[in-house]
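Working notes, beginning with the structure itself.
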Amino acid sequence: MYILLAFVLIAVDQLTKYWVQQNIPLWESIPIIKNVFHLTHVHNPGAAFSILAHQKWFFVLTAVIAIVAVWLLRKAITQQGRLFKWGLAMALAGAIGNLIDRLRLDVVVDFFDFQIWPVFNVADICIVLGVCILIGTILRQDVIGKRS
Numbered sequence: 090m091y092i093l094l095a096f097v098l099i100a101v102d103q104l105t106k107y108w109v110q111q112n113i114p115l116w117e118s119i120p121i122i123k124n125v126f127h128l129t130h131v132h133n134p135g136a137a138f139s140i141l142a143h144q145k146w147f148f149v150l151t152a153v154i155a156i157v158a159v160w161l162l163r164k165a166i167t168q169q170g171r172l173f174k175w176g177l178a179m180a181l182a183g184a185i186g187n188l189i190d191r192l193r194l195d196v197v198v199d200f201f202d203f204q205i206w207p208v209f210n211v212a213d214i215c216i217v218l219g220v221c222i223l224i225g226t227i228l229r230q231d232v233i234g235k236r237s
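Numbering (my numbering), first residue to last: 90 to 237.
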């Protein structure tokens, strides 16, 4: 079930990026709610906020290490709760979605533009939500474990 979730999220990420590339010229913007939310086609050569711009191989290596770690720890992961697995599937799907862009284009395609925040994509949402879920489940386990 969790692998299916990851594949669906990767597909949604790649399909939305493909749509943006086909329909919005690079650096152009389509207002959805003027001055609030636009679809803006940009290329990000780094991580969030363009941190470590043009460090493609650092990000590729980081994603590959994460994928290998999940593979090597798969038996331990199966012992975790459902929420942990959902969070891990989301974070991994996001990492893979952006990895595909980096390998294919040398940059990540971003397009959600709330005007007050850097432009981002579906993979970024998956990473942030997935990591938040992972942190929440780990903290919850620590708190519950300390009460016992």
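Beta carbons: idealized from backbone N, C-alpha and C, even for Gly. None of these values were measured; they are calculated from a predicted model.
For residue j and residue i, the rounded distance between their alpha carbons
i      : j      : result
Val217 : Phe209 : 11 Å
Ile119 : Thr129 : 6 Å
His143 : Asp190 : 13 Å
Ala184 : Ala100 : 13 Å
Asp202 : Ile156 : 29 Å
Leu115 : Val125 : 20 Å
Ile166 : Trp160 : 9 Å
Ser139 : Ile205 : 15 Å
Ile121 : Leu162 : 42 Å
Leu228 : Gly219 : 14 Å
Pro207 : Ala158 : 29 Å
Leu192 : Gln230 : 37 Å
Lys123 : Ile113 : 17 Å
Endpoints, alpha helix (DSSP H) assigned at residue i
i      : result
Ile121 : Element bounds for Ile121: not the alpha helix (DSSP H) but the beta strand (DSSP E), 118–122.
Leu141 : Premise fails: Leu141 is in no alpha helix (DSSP H) and is neither H nor E.
Asn112 : 91–112
Gly176 : 171–194
Ala136 : Note, Ala136: premise wrong, no alpha helix (DSSP H); not H, not E.
Cutoff 6 Å; reference residue i; Cβ partners in own chain excluding five residues on either side
i     : result
Leu98 : Ala182, Cys215
Tyr91 : Lys174, Ala178
Residue burial classification, residue i (beta-carbon count within 10 angstroms, cutoff 16)
i      : result
Gln173 : Going by the sequence as given, residue 173 is Phe instead of Gln. Buried, because 16 or more other Cβ atoms sit within 10 Å of the Cβ of Phe173.
Thr226 : buried
Gly170 : exposed
Cys221 : exposed
Leu223 : buried
Asn187 : buried
Phe200 : buried
Val153 : exposed
Residues near residue i in its chain [Cβ-Cβ closer than 8 Å; skip 5 each side]
i      : result
Gln110 : His130, Val198
Leu94  : Trp175, Ala178, Met179, Ala182
Limits of the unbroken beta strand (DSSP E) element including residue i
i      : result
Leu128 : 126–133
Val198 : 197–202
Chain-order list of residues whose beta-carbon lies under 7 Å from that of residue i (same chain, five-residue window excluded)
i      : result
Leu141 : Gly135, Phe147
Leu104 : none
8 Å contact criterion, which residue i and residue j should meet: CB distance rounded
i      : j      : result
Lys164 : Asp195 : 36 Å between Cβ atoms; not a contact.
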